[in-house]
Amino acid sequence: MFYHGSHPEHPLRTLKNPKAGVLCSICKACAHPSMAEWCFCMQAGCGYILCCKCSEIEEQLFDIPQVITRNPVLPHEDMSVCLRTRPRSNAHVLCPLYPGRLMIAVSSAKGTLDANEAYYRLRKGGWVNAAHVVRVLPSQQLIEELAKTHLRAEEHHSHEFMALEEILLCIDESFRLMDERSPYGTVMASLTFFPLLQYSSSLHLISSEERTVVVRASLGFIHYLFHFVLEEVSQWMNNVDHRVKTTALTLYVELLGKSLLVARDVAESQIVALPSELGPLITRTAAVVLEILPIVECGTAPFGGATVSLRAPSIATRQVDLAEEQARLFVCCCNMVETTGWLLLHTPTFTYDLKCLRPLRVAVSIVPNSESLERMLCQVVNNALEKMPSLRRRVHDLDVIEVAISLAGRATCAESQMAVFRLISAIAHNSPRNISQSASLVIAPLIQLAMKAWNTVVANAAFDCFAELAYNDPRVDGFRSDSQSEELMLPVCSAALHPQEAPYQMANFYEVGD
(Lines of atoms letter the chains of each structure in order from A and count residues from 1; the text may use other names and numbers.)
(Lines give C-alpha, C1' and ligand atoms only; values in the text may rest on other atoms or scores of the structure.)
Protein backbone atom coordinates (compact mmCIF):
# COMPACT_ATOMS: atom_id res chain seq x y z
CA MET A 1 0.00 0.00 0.00
CA PHE A 2 1.36 3.43 -0.97
CA TYR A 3 0.32 6.93 -2.05
CA HIS A 4 0.94 8.45 -5.46
CA GLY A 5 1.29 12.14 -6.31
CA SER A 6 -1.43 12.00 -8.95
CA HIS A 7 -3.95 10.66 -6.41
CA PRO A 8 -2.85 11.75 -2.93
CA GLU A 9 -6.23 11.43 -1.21
CA HIS A 10 -6.42 7.61 -1.25
CA PRO A 11 -3.87 4.78 -0.86
CA LEU A 12 -3.06 2.52 -3.81
CA ARG A 13 -2.30 -1.19 -3.94
CA THR A 14 -0.27 -3.09 -6.55
CA LEU A 15 -1.79 -6.06 -8.38
CA LYS A 16 0.21 -8.38 -10.60
CA ASN A 17 -2.69 -9.60 -12.73
CA PRO A 18 -5.02 -6.69 -13.60
CA LYS A 19 -8.43 -7.38 -15.01
CA ALA A 20 -8.50 -7.30 -18.80
CA GLY A 21 -9.93 -4.18 -20.37
CA VAL A 22 -9.50 -1.68 -17.53
CA LEU A 23 -7.90 1.62 -18.49
CA CYS A 24 -5.18 3.65 -16.80
CA SER A 25 -6.72 6.81 -15.36
CA ILE A 26 -3.86 8.94 -16.75
CA CYS A 27 -2.60 7.55 -20.07
CA LYS A 28 -5.66 5.39 -20.90
CA ALA A 29 -3.52 2.31 -21.54
CA CYS A 30 -5.56 -0.91 -21.60
CA ALA A 31 -4.71 -3.61 -19.08
CA HIS A 32 -4.15 -7.31 -19.73
CA PRO A 33 -3.86 -10.13 -17.16
CA SER A 34 -0.29 -10.81 -18.28
CA MET A 35 0.81 -7.32 -17.24
CA ALA A 36 2.42 -6.73 -13.85
CA GLU A 37 2.35 -4.02 -11.21
CA TRP A 38 -0.80 -2.11 -12.06
CA CYS A 39 -2.01 -0.02 -9.13
CA PHE A 40 -5.60 0.22 -7.91
CA CYS A 41 -7.17 2.62 -5.43
CA MET A 42 -8.19 0.90 -2.21
CA GLN A 43 -11.05 3.32 -1.53
CA ALA A 44 -14.37 1.64 -2.25
CA GLY A 45 -16.08 3.09 -5.31
CA CYS A 46 -13.14 5.27 -6.36
CA GLY A 47 -11.90 3.21 -9.30
CA TYR A 48 -8.62 5.10 -9.78
CA ILE A 49 -6.12 2.93 -11.70
CA LEU A 50 -2.49 3.46 -12.70
CA CYS A 51 -0.45 1.44 -15.17
CA CYS A 52 3.10 0.50 -14.21
CA LYS A 53 4.64 3.30 -16.29
CA CYS A 54 2.47 6.07 -14.83
CA SER A 55 2.98 4.77 -11.29
CA GLU A 56 6.77 5.15 -11.72
CA ILE A 57 6.47 8.91 -12.36
CA GLU A 58 6.89 11.01 -9.24
CA GLU A 59 4.44 13.79 -9.94
CA GLN A 60 2.85 16.37 -7.70
CA LEU A 61 -0.63 17.78 -8.20
CA PHE A 62 -0.99 21.56 -8.33
CA ASP A 63 -3.14 23.08 -5.61
CA ILE A 64 -4.83 25.06 -8.38
CA PRO A 65 -4.65 23.92 -12.04
CA GLN A 66 -2.26 26.05 -14.07
CA VAL A 67 -3.24 27.53 -17.43
CA ILE A 68 -0.31 27.57 -19.84
CA THR A 69 0.35 28.28 -23.51
CA ARG A 70 3.16 27.68 -25.98
CA ASN A 71 6.12 29.99 -25.38
CA PRO A 72 5.76 32.63 -28.13
CA VAL A 73 9.53 33.18 -28.22
CA LEU A 74 10.27 29.66 -29.48
CA PRO A 75 10.51 29.23 -33.28
CA HIS A 76 7.42 27.81 -34.94
CA GLU A 77 9.54 25.33 -36.92
CA ASP A 78 10.78 23.63 -33.73
CA MET A 79 8.75 20.41 -33.69
CA SER A 80 10.36 19.33 -30.40
CA VAL A 81 7.94 21.78 -28.76
CA CYS A 82 5.25 19.18 -28.43
CA LEU A 83 3.06 17.05 -26.21
CA ARG A 84 4.56 13.66 -25.28
CA THR A 85 3.29 10.47 -23.70
CA ARG A 86 5.87 10.54 -20.86
CA PRO A 87 7.94 13.24 -19.12
CA ARG A 88 11.10 12.66 -21.13
CA SER A 89 12.55 14.14 -24.32
CA ASN A 90 12.50 10.88 -26.31
CA ALA A 91 8.94 9.85 -25.49
CA HIS A 92 6.38 9.37 -28.25
CA VAL A 93 5.07 12.65 -29.71
CA LEU A 94 1.31 13.10 -29.47
CA CYS A 95 1.03 16.46 -31.24
CA PRO A 96 2.81 19.82 -31.60
CA LEU A 97 1.99 22.75 -29.35
CA TYR A 98 0.12 25.40 -31.31
CA PRO A 99 0.47 29.14 -30.62
CA GLY A 100 -2.38 30.95 -28.94
CA ARG A 101 -3.95 27.80 -27.48
CA LEU A 102 -4.57 27.62 -23.74
CA MET A 103 -3.80 24.33 -21.97
CA ILE A 104 -4.71 23.27 -18.43
CA ALA A 105 -1.89 21.63 -16.46
CA VAL A 106 -2.81 19.61 -13.36
CA SER A 107 0.55 18.35 -12.08
CA SER A 108 4.32 18.57 -12.47
CA ALA A 109 7.17 16.06 -12.43
CA LYS A 110 10.90 15.88 -13.03
CA GLY A 111 12.11 14.42 -16.30
CA THR A 112 12.73 10.68 -16.12
CA LEU A 113 15.85 11.01 -18.31
CA ASP A 114 17.11 14.39 -17.16
CA ALA A 115 16.22 15.36 -13.61
CA ASN A 116 17.00 19.00 -14.41
CA GLU A 117 14.00 19.12 -16.73
CA ALA A 118 10.50 19.83 -15.44
CA TYR A 119 7.32 18.64 -17.11
CA TYR A 120 3.64 19.47 -16.77
CA ARG A 121 0.85 16.93 -17.22
CA LEU A 122 -2.20 18.27 -19.02
CA ARG A 123 -5.75 17.56 -17.92
CA LYS A 124 -6.54 16.14 -21.35
CA GLY A 125 -3.49 13.87 -21.27
CA GLY A 126 0.17 14.09 -22.21
CA TRP A 127 3.28 15.77 -20.85
CA VAL A 128 4.86 19.04 -21.94
CA ASN A 129 8.30 20.41 -21.13
CA ALA A 130 7.95 23.35 -18.74
CA ALA A 131 10.61 25.24 -20.72
CA HIS A 132 8.37 25.17 -23.79
CA VAL A 133 5.41 26.95 -22.20
CA VAL A 134 4.62 30.11 -20.27
CA ARG A 135 2.11 30.41 -17.47
CA VAL A 136 -1.04 32.38 -18.15
CA LEU A 137 -3.03 31.60 -15.01
CA PRO A 138 -2.25 32.60 -12.32
CA SER A 139 -0.51 35.63 -13.79
CA GLN A 140 -0.92 39.37 -14.05
CA GLN A 141 -4.49 40.54 -13.71
CA LEU A 142 -5.18 41.46 -17.37
CA ILE A 143 -4.13 38.21 -19.03
CA GLU A 144 -5.60 36.26 -16.11
CA GLU A 145 -9.06 37.72 -16.66
CA LEU A 146 -8.73 37.07 -20.39
CA ALA A 147 -7.87 33.42 -19.76
CA LYS A 148 -10.76 33.03 -17.31
CA THR A 149 -13.17 34.24 -20.00
CA HIS A 150 -12.01 31.43 -22.29
CA LEU A 151 -12.21 28.86 -19.49
CA ARG A 152 -15.72 29.89 -18.39
CA ALA A 153 -17.03 29.55 -21.91
CA GLU A 154 -15.32 26.19 -22.50
CA GLU A 155 -15.93 24.44 -19.18
CA HIS A 156 -19.23 25.94 -18.06
CA HIS A 157 -20.66 27.01 -21.43
CA SER A 158 -21.07 30.44 -19.91
CA HIS A 159 -22.26 33.33 -22.06
CA GLU A 160 -21.00 35.89 -19.58
CA PHE A 161 -19.22 38.73 -21.37
CA MET A 162 -15.84 40.04 -20.33
CA ALA A 163 -15.97 43.65 -19.12
CA LEU A 164 -15.70 45.99 -22.10
CA GLU A 165 -13.09 48.12 -20.33
CA GLU A 166 -10.86 45.07 -19.92
CA ILE A 167 -11.19 44.17 -23.60
CA LEU A 168 -10.06 47.67 -24.52
CA LEU A 169 -7.05 47.24 -22.23
CA CYS A 170 -6.24 43.92 -23.92
CA ILE A 171 -6.41 45.61 -27.33
CA ASP A 172 -4.09 48.40 -26.17
CA GLU A 173 -1.68 45.84 -24.71
CA SER A 174 -1.70 43.94 -28.01
CA PHE A 175 -0.90 47.16 -29.87
CA ARG A 176 1.97 47.90 -27.51
CA LEU A 177 3.50 44.45 -27.83
CA MET A 178 3.15 44.35 -31.61
CA ASP A 179 4.65 47.83 -31.93
CA GLU A 180 7.64 46.48 -30.02
CA ARG A 181 7.70 43.47 -32.38
CA SER A 182 7.28 41.17 -29.42
CA PRO A 183 6.10 37.63 -30.32
CA TYR A 184 3.71 37.94 -27.37
CA GLY A 185 1.71 40.59 -29.26
CA THR A 186 0.08 38.31 -31.83
CA VAL A 187 -0.72 35.70 -29.16
CA MET A 188 -2.33 38.37 -26.99
CA ALA A 189 -4.34 39.57 -29.99
CA SER A 190 -5.47 36.03 -30.82
CA LEU A 191 -6.76 35.50 -27.27
CA THR A 192 -8.47 38.91 -27.27
CA PHE A 193 -10.61 37.98 -30.28
CA PHE A 194 -12.89 35.57 -28.40
CA PRO A 195 -14.43 38.13 -26.00
CA LEU A 196 -14.42 40.72 -28.79
CA LEU A 197 -16.36 38.39 -31.10
CA GLN A 198 -18.88 37.82 -28.31
CA TYR A 199 -19.63 41.54 -28.41
CA SER A 200 -19.47 42.00 -32.20
CA SER A 201 -21.94 39.15 -32.78
CA SER A 202 -24.37 40.54 -30.18
CA LEU A 203 -24.36 44.26 -30.97
CA HIS A 204 -28.17 44.34 -30.90
CA LEU A 205 -28.13 43.18 -27.26
CA ILE A 206 -25.99 45.97 -25.80
CA SER A 207 -26.62 49.67 -25.25
CA SER A 208 -26.05 52.24 -27.97
CA GLU A 209 -23.07 53.70 -26.07
CA GLU A 210 -21.44 50.27 -25.84
CA ARG A 211 -22.18 49.59 -29.51
CA THR A 212 -20.34 52.73 -30.50
CA VAL A 213 -17.34 51.79 -28.38
CA VAL A 214 -17.28 48.18 -29.63
CA VAL A 215 -17.56 49.12 -33.30
CA ARG A 216 -14.88 51.79 -33.06
CA ALA A 217 -12.49 49.54 -31.12
CA SER A 218 -13.17 46.55 -33.39
CA LEU A 219 -12.54 48.43 -36.62
CA GLY A 220 -9.33 49.94 -35.27
CA PHE A 221 -8.17 46.55 -34.01
CA ILE A 222 -8.73 44.64 -37.25
CA HIS A 223 -7.34 47.49 -39.38
CA TYR A 224 -4.08 47.32 -37.42
CA LEU A 225 -4.00 43.51 -37.52
CA PHE A 226 -4.61 43.30 -41.26
CA HIS A 227 -1.58 45.52 -41.88
CA PHE A 228 0.60 43.75 -39.31
CA VAL A 229 -0.28 40.14 -40.11
CA LEU A 230 -0.26 40.54 -43.89
CA GLU A 231 3.25 41.94 -43.65
CA GLU A 232 4.31 39.07 -41.37
CA VAL A 233 2.81 36.45 -43.68
CA SER A 234 4.44 37.97 -46.76
CA GLN A 235 7.85 37.84 -45.10
CA TRP A 236 7.22 34.29 -43.93
CA MET A 237 6.12 33.11 -47.38
CA ASN A 238 9.25 34.60 -48.97
CA ASN A 239 11.80 33.35 -46.45
CA VAL A 240 10.61 29.92 -45.29
CA ASP A 241 10.77 26.56 -47.03
CA HIS A 242 7.12 25.54 -47.24
CA ARG A 243 8.08 21.86 -46.97
CA VAL A 244 9.34 22.41 -43.43
CA LYS A 245 6.78 21.59 -40.74
CA THR A 246 5.65 24.65 -38.82
CA THR A 247 2.91 25.88 -36.52
CA ALA A 248 3.12 29.50 -37.69
CA LEU A 249 0.16 29.18 -40.05
CA THR A 250 -2.16 28.38 -37.15
CA LEU A 251 -1.54 31.83 -35.72
CA TYR A 252 -1.63 33.72 -39.03
CA VAL A 253 -4.78 32.04 -40.36
CA GLU A 254 -6.68 32.50 -37.11
CA LEU A 255 -5.76 36.18 -36.81
CA LEU A 256 -6.83 36.95 -40.39
CA GLY A 257 -9.92 34.75 -40.17
CA LYS A 258 -11.12 36.30 -36.92
CA SER A 259 -10.50 39.79 -38.31
CA LEU A 260 -12.77 38.96 -41.26
CA LEU A 261 -15.44 37.66 -38.87
CA VAL A 262 -15.41 40.90 -36.90
CA ALA A 263 -15.71 42.88 -40.13
CA ARG A 264 -18.67 40.74 -41.18
CA ASP A 265 -20.37 41.15 -37.80
CA VAL A 266 -20.06 44.93 -38.03
CA ALA A 267 -21.34 44.93 -41.62
CA GLU A 268 -24.31 42.71 -40.74
CA SER A 269 -25.27 44.96 -37.84
CA GLN A 270 -25.71 47.87 -40.29
CA ILE A 271 -24.81 50.28 -37.50
CA VAL A 272 -22.07 51.84 -39.58
CA ALA A 273 -20.68 51.17 -43.03
CA LEU A 274 -17.26 49.58 -43.13
CA PRO A 275 -14.62 52.16 -44.06
CA SER A 276 -13.43 51.98 -47.65
CA GLU A 277 -9.84 51.61 -46.39
CA LEU A 278 -10.65 48.04 -45.34
CA GLY A 279 -11.55 47.02 -48.90
CA PRO A 280 -7.99 46.64 -50.27
CA LEU A 281 -6.88 44.90 -47.07
CA ILE A 282 -9.71 42.38 -47.31
CA THR A 283 -9.04 41.56 -50.97
CA ARG A 284 -5.33 41.30 -50.22
CA THR A 285 -6.17 38.88 -47.41
CA ALA A 286 -8.01 36.67 -49.90
CA ALA A 287 -4.96 36.68 -52.18
CA VAL A 288 -2.67 35.69 -49.29
CA VAL A 289 -5.05 32.93 -48.23
CA LEU A 290 -4.80 31.45 -51.73
CA GLU A 291 -1.03 31.25 -51.31
CA ILE A 292 -1.54 29.38 -48.03
CA LEU A 293 -4.10 26.91 -49.39
CA PRO A 294 -1.62 24.73 -51.36
CA ILE A 295 0.54 24.40 -48.23
CA VAL A 296 -2.26 23.04 -46.04
CA GLU A 297 -4.43 21.16 -48.55
CA CYS A 298 -2.65 17.84 -47.90
CA GLY A 299 -4.07 17.47 -44.39
CA THR A 300 -6.42 14.76 -43.17
CA ALA A 301 -10.13 15.27 -42.59
CA PRO A 302 -11.09 17.04 -39.33
CA PHE A 303 -11.75 14.72 -36.40
CA GLY A 304 -15.25 13.29 -36.47
CA GLY A 305 -16.18 15.58 -39.36
CA ALA A 306 -16.52 18.42 -36.87
CA THR A 307 -17.23 21.88 -38.20
CA VAL A 308 -14.55 24.51 -37.88
CA SER A 309 -15.39 27.62 -35.88
CA LEU A 310 -13.12 30.57 -35.19
CA ARG A 311 -15.58 31.89 -32.61
CA ALA A 312 -14.85 29.13 -30.09
CA PRO A 313 -12.63 29.65 -27.02
CA SER A 314 -8.92 29.04 -27.65
CA ILE A 315 -8.68 26.00 -25.38
CA ALA A 316 -6.80 22.84 -26.37
CA THR A 317 -9.50 20.27 -25.61
CA ARG A 318 -7.80 17.29 -27.26
CA GLN A 319 -4.66 16.20 -29.10
CA VAL A 320 -4.55 17.38 -32.72
CA ASP A 321 -1.70 16.19 -34.92
CA LEU A 322 -0.19 18.38 -37.62
CA ALA A 323 -2.05 16.72 -40.51
CA GLU A 324 -5.43 17.28 -38.88
CA GLU A 325 -4.49 20.85 -37.99
CA GLN A 326 -3.60 21.52 -41.63
CA ALA A 327 -6.98 20.16 -42.68
CA ARG A 328 -8.65 22.49 -40.18
CA LEU A 329 -6.68 25.43 -41.58
CA PHE A 330 -7.70 24.42 -45.11
CA VAL A 331 -11.37 24.64 -44.13
CA CYS A 332 -10.69 27.96 -42.39
CA CYS A 333 -9.05 29.34 -45.53
CA CYS A 334 -12.01 28.30 -47.69
CA ASN A 335 -14.37 29.99 -45.24
CA MET A 336 -12.20 33.12 -45.29
CA VAL A 337 -12.40 33.37 -49.09
CA GLU A 338 -16.17 33.01 -48.86
CA THR A 339 -16.34 35.69 -46.15
CA THR A 340 -14.27 37.98 -48.36
CA GLY A 341 -16.79 37.51 -51.15
CA TRP A 342 -19.65 38.25 -48.75
CA LEU A 343 -17.98 41.49 -47.67
CA LEU A 344 -17.40 42.57 -51.28
CA LEU A 345 -21.03 41.78 -52.06
CA HIS A 346 -22.62 43.56 -49.09
CA THR A 347 -20.35 46.57 -48.52
CA PRO A 348 -21.26 49.47 -50.86
CA THR A 349 -18.19 51.48 -49.83
CA PHE A 350 -15.79 48.88 -51.25
CA THR A 351 -14.51 49.40 -54.77
CA TYR A 352 -12.72 46.60 -56.56
CA ASP A 353 -11.57 45.52 -60.00
CA LEU A 354 -10.87 42.33 -61.91
CA LYS A 355 -7.70 41.72 -59.91
CA CYS A 356 -9.71 41.67 -56.68
CA LEU A 357 -12.08 39.03 -58.07
CA ARG A 358 -9.38 36.61 -59.19
CA PRO A 359 -8.85 35.09 -55.70
CA LEU A 360 -12.49 33.99 -55.65
CA ARG A 361 -12.11 32.37 -59.07
CA VAL A 362 -8.86 30.64 -58.11
CA ALA A 363 -10.43 29.36 -54.89
CA VAL A 364 -13.17 27.68 -56.94
CA SER A 365 -10.47 25.84 -58.89
CA ILE A 366 -8.56 24.80 -55.77
CA VAL A 367 -11.69 23.61 -53.96
CA PRO A 368 -13.68 21.66 -56.56
CA ASN A 369 -17.41 21.06 -56.19
CA SER A 370 -17.82 23.74 -53.52
CA GLU A 371 -21.33 25.06 -54.04
CA SER A 372 -20.89 27.88 -51.54
CA LEU A 373 -17.73 29.22 -53.21
CA GLU A 374 -19.21 28.94 -56.71
CA ARG A 375 -22.41 30.67 -55.60
CA MET A 376 -20.43 33.46 -53.95
CA LEU A 377 -18.33 33.99 -57.10
CA CYS A 378 -21.46 34.24 -59.27
CA GLN A 379 -23.07 36.72 -56.89
CA VAL A 380 -19.97 38.91 -56.57
CA VAL A 381 -19.34 39.02 -60.33
CA ASN A 382 -22.99 39.90 -60.95
CA ASN A 383 -22.69 42.72 -58.43
CA ALA A 384 -19.44 43.88 -60.03
CA LEU A 385 -21.04 44.04 -63.47
CA GLU A 386 -23.54 46.54 -62.10
CA LYS A 387 -20.94 48.67 -60.31
CA MET A 388 -17.99 48.58 -62.72
CA PRO A 389 -18.52 49.36 -66.43
CA SER A 390 -14.87 48.50 -67.12
CA LEU A 391 -15.48 44.88 -66.13
CA ARG A 392 -18.21 44.28 -68.69
CA ARG A 393 -15.76 43.64 -71.52
CA ARG A 394 -13.34 41.62 -69.36
CA VAL A 395 -15.67 39.44 -67.34
CA HIS A 396 -14.95 36.45 -69.57
CA ASP A 397 -11.34 36.49 -68.37
CA LEU A 398 -12.66 34.92 -65.16
CA ASP A 399 -14.38 32.02 -66.97
CA VAL A 400 -17.41 32.60 -64.80
CA ILE A 401 -19.81 31.08 -67.33
CA GLU A 402 -18.14 27.70 -66.83
CA VAL A 403 -18.50 28.13 -63.07
CA ALA A 404 -22.16 29.08 -63.41
CA ILE A 405 -22.90 26.04 -65.56
CA SER A 406 -21.11 23.82 -63.06
CA LEU A 407 -23.21 25.30 -60.26
CA ALA A 408 -26.40 24.88 -62.32
CA GLY A 409 -25.81 21.14 -62.51
CA ARG A 410 -25.86 20.60 -58.75
CA ALA A 411 -27.54 23.61 -57.14
CA THR A 412 -29.19 22.45 -53.92
CA CYS A 413 -30.92 25.68 -52.90
CA ALA A 414 -32.86 28.54 -54.43
CA GLU A 415 -30.04 30.96 -53.66
CA SER A 416 -27.65 29.03 -55.92
CA GLN A 417 -30.26 28.82 -58.70
CA MET A 418 -30.85 32.57 -58.50
CA ALA A 419 -27.10 33.24 -58.65
CA VAL A 420 -26.79 31.26 -61.90
CA PHE A 421 -29.72 32.90 -63.69
CA ARG A 422 -28.82 36.42 -62.60
CA LEU A 423 -25.18 36.08 -63.64
CA ILE A 424 -25.95 34.67 -67.10
CA SER A 425 -28.63 37.33 -67.56
CA ALA A 426 -26.21 40.12 -66.57
CA ILE A 427 -23.49 38.83 -68.90
CA ALA A 428 -25.94 38.58 -71.80
CA HIS A 429 -27.28 42.08 -71.12
CA ASN A 430 -23.87 43.71 -70.80
CA SER A 431 -22.06 41.67 -73.47
CA PRO A 432 -24.64 41.10 -76.24
CA ARG A 433 -21.91 40.39 -78.80
CA ASN A 434 -21.13 37.19 -76.91
CA ILE A 435 -24.69 35.85 -76.79
CA SER A 436 -24.20 33.73 -79.91
CA GLN A 437 -21.00 32.27 -78.50
CA SER A 438 -22.36 31.48 -75.05
CA ALA A 439 -25.94 30.47 -75.90
CA SER A 440 -25.03 27.02 -77.17
CA LEU A 441 -23.14 26.39 -73.93
CA VAL A 442 -25.68 27.65 -71.42
CA ILE A 443 -29.16 27.06 -72.88
CA ALA A 444 -29.47 23.34 -72.16
CA PRO A 445 -28.19 23.50 -68.54
CA LEU A 446 -30.37 26.55 -67.86
CA ILE A 447 -33.48 24.79 -69.15
CA GLN A 448 -32.77 21.83 -66.90
CA LEU A 449 -32.21 24.18 -63.98
CA ALA A 450 -35.43 26.08 -64.70
CA MET A 451 -37.38 22.83 -64.64
CA LYS A 452 -36.09 22.26 -61.09
CA ALA A 453 -36.82 25.80 -59.86
CA TRP A 454 -37.39 25.88 -56.11
CA ASN A 455 -39.92 28.72 -56.14
CA THR A 456 -41.56 31.40 -58.28
CA VAL A 457 -38.75 33.89 -57.64
CA VAL A 458 -36.29 31.50 -59.28
CA ALA A 459 -38.75 30.92 -62.13
CA ASN A 460 -39.04 34.67 -62.75
CA ALA A 461 -35.25 34.99 -62.78
CA ALA A 462 -35.14 32.14 -65.30
CA PHE A 463 -37.64 33.89 -67.61
CA ASP A 464 -35.65 37.13 -67.40
CA CYS A 465 -32.47 35.23 -68.24
CA PHE A 466 -34.00 33.52 -71.28
CA ALA A 467 -35.41 36.86 -72.45
CA GLU A 468 -31.91 38.34 -72.42
CA LEU A 469 -30.49 35.37 -74.32
CA ALA A 470 -33.30 35.53 -76.91
CA TYR A 471 -32.93 39.27 -77.53
CA ASN A 472 -32.06 39.66 -81.24
CA ASP A 473 -32.50 43.41 -81.85
CA PRO A 474 -29.33 45.51 -82.16
CA ARG A 475 -28.20 46.57 -78.73
CA VAL A 476 -25.29 48.62 -77.46
CA ASP A 477 -22.96 47.01 -74.92
CA GLY A 478 -23.75 48.26 -71.42
CA PHE A 479 -26.53 50.52 -70.23
CA ARG A 480 -25.66 53.72 -72.05
CA SER A 481 -24.99 54.72 -75.64
CA ASP A 482 -23.35 57.81 -77.10
CA SER A 483 -23.52 59.66 -80.42
CA GLN A 484 -20.70 57.58 -81.89
CA SER A 485 -22.70 54.37 -81.52
CA GLU A 486 -26.00 55.62 -82.94
CA GLU A 487 -25.49 53.59 -86.11
CA LEU A 488 -25.72 50.43 -83.99
CA MET A 489 -29.31 51.36 -83.13
CA LEU A 490 -30.44 50.95 -86.75
CA PRO A 491 -32.75 47.99 -87.44
CA VAL A 492 -29.98 46.00 -89.10
CA CYS A 493 -28.67 42.68 -87.82
CA SER A 494 -25.09 42.37 -86.64
CA ALA A 495 -24.21 40.06 -89.54
CA ALA A 496 -25.01 42.87 -91.98
CA LEU A 497 -23.13 45.49 -89.97
CA HIS A 498 -20.02 43.35 -89.42
CA PRO A 499 -19.99 40.60 -92.04
CA GLN A 500 -16.37 39.65 -91.36
CA GLU A 501 -16.64 39.60 -87.58
CA ALA A 502 -20.10 38.60 -86.40
CA PRO A 503 -20.56 34.82 -86.21
CA TYR A 504 -23.79 33.21 -87.26
CA GLN A 505 -26.12 32.25 -84.45
CA MET A 506 -27.40 28.75 -85.00
CA ALA A 507 -31.05 27.93 -84.40
CA ASN A 508 -31.37 25.30 -81.68
CA PHE A 509 -34.56 23.51 -80.66
CA TYR A 510 -35.04 21.97 -77.22
CA GLU A 511 -37.84 19.73 -76.05
CA VAL A 512 -39.17 20.82 -72.68
CA GLY A 513 -40.94 18.20 -70.60
CA ASP A 514 -44.49 18.60 -69.37
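According to our numbering, the stretch in the sequence shown is residues 40 to 553, in order.
For each residue, glycine too, the CB sits at the ideal point set by N, CA and C.
Comparing C-alpha distances from C85 to each of M74, V335, K92 and R52 shows the shortest one belongs to R52. Boundaries of the beta strand (DSSP E) harbouring D102: E98 to R109, taken from the DSSP string. Using a Cβ-Cβ distance cut-off of 8 Å, the segment 111-131 and the segment 324-337 are not in contact, since fewer than three pairs of beta carbons, one from each stretch, lie closer than that value. Given a length threshold of 3 residues, the segment 173-241 has no whole run of the beta strand (DSSP E) inside it.
Straight across, the Cα-Cα distance linking H468 with P319 is about 29 Å. By the C-beta density criterion, V283 is exposed, having fewer than 16 other C-beta atoms within 10 angstroms.
In this structure the segment 129-137 lies against the segment 163-173, because at least three pairs of beta carbons, one per stretch, are closer than 8 Å. For T251, there are no CB contacts under 6 Å within the same chain when 5 residues up- and downstream are skipped. N421 is a Cβ neighbour of A465, given a cutoff of 7 Å. Within the segment 364-416, the runs of alpha helix (DSSP H) that reach at least 4 residues and sit entirely inside it are, in chain order, 393-405. Every alpha helix (DSSP H) stretch that sits fully inside the segment 416-480 and reaches 4 residues is listed by chain position as 439-447 and 453-469. Under the criterion of beta carbons closer than 8 Å, V167 and L100 do not qualify as touching, at roughly 16 Å. The shortest C-alpha to C-alpha distance from A458 to any of G448, R449 and A443 is the one to A443.
No residue range can be given for P138, since it is assigned to no alpha helix (DSSP H) and is classified by DSSP as neither H nor E. A residue is called buried when at least 16 other Cβ atoms come within 10 angstroms of its Cβ; I440 meets this threshold and is buried. Residue burial is scored here from C-beta neighbours: Y42 has fewer than 16 other C-beta atoms within 10 angstroms and is therefore classed as exposed. Rounded to the nearest angstrom, the Cβ distance from L300 to L349 is 6 Å, consistent with a contact under 8 Å. Out of T285, Y238, V419 and N277, the CA that lies nearest to the CA of L258 is found in Y238.
Only buried fits H189, as 16 or more other CB atoms lie within 10 angstroms of its CB. Between T379 and A447, the CB-CB gap reaches or exceeds 7 Å. Between S147 and E97 the beta-carbon gap is near 10 Å, outside 8 Å, which marks them as no contact. According to DSSP, residue pairing for Y291 in a beta bridge does not occur. Per DSSP, reduced to three states, the secondary structure at T285 is coil, with no helix or strand assignment. L437 counts as buried, since at least 16 other C-beta atoms from the protein chains shown sit within 10 angstroms of its C-beta. Its chain contains R414 as the residues whose beta carbon lies nearer than 7 Å to that of E454, once the 5 sequence neighbours on both sides are disregarded; these appear in chain order. In this structure, V305 places its C-beta atom within 7 Å of the C-beta atom of V254. Judged by their CB atoms, I103 and V61 are not nearer to each other than the 7 Å cut-off. Between the segment 220-234 and the segment 289-303 there are three or more C-beta pairs closer than 8 Å, enough to call the two in contact.
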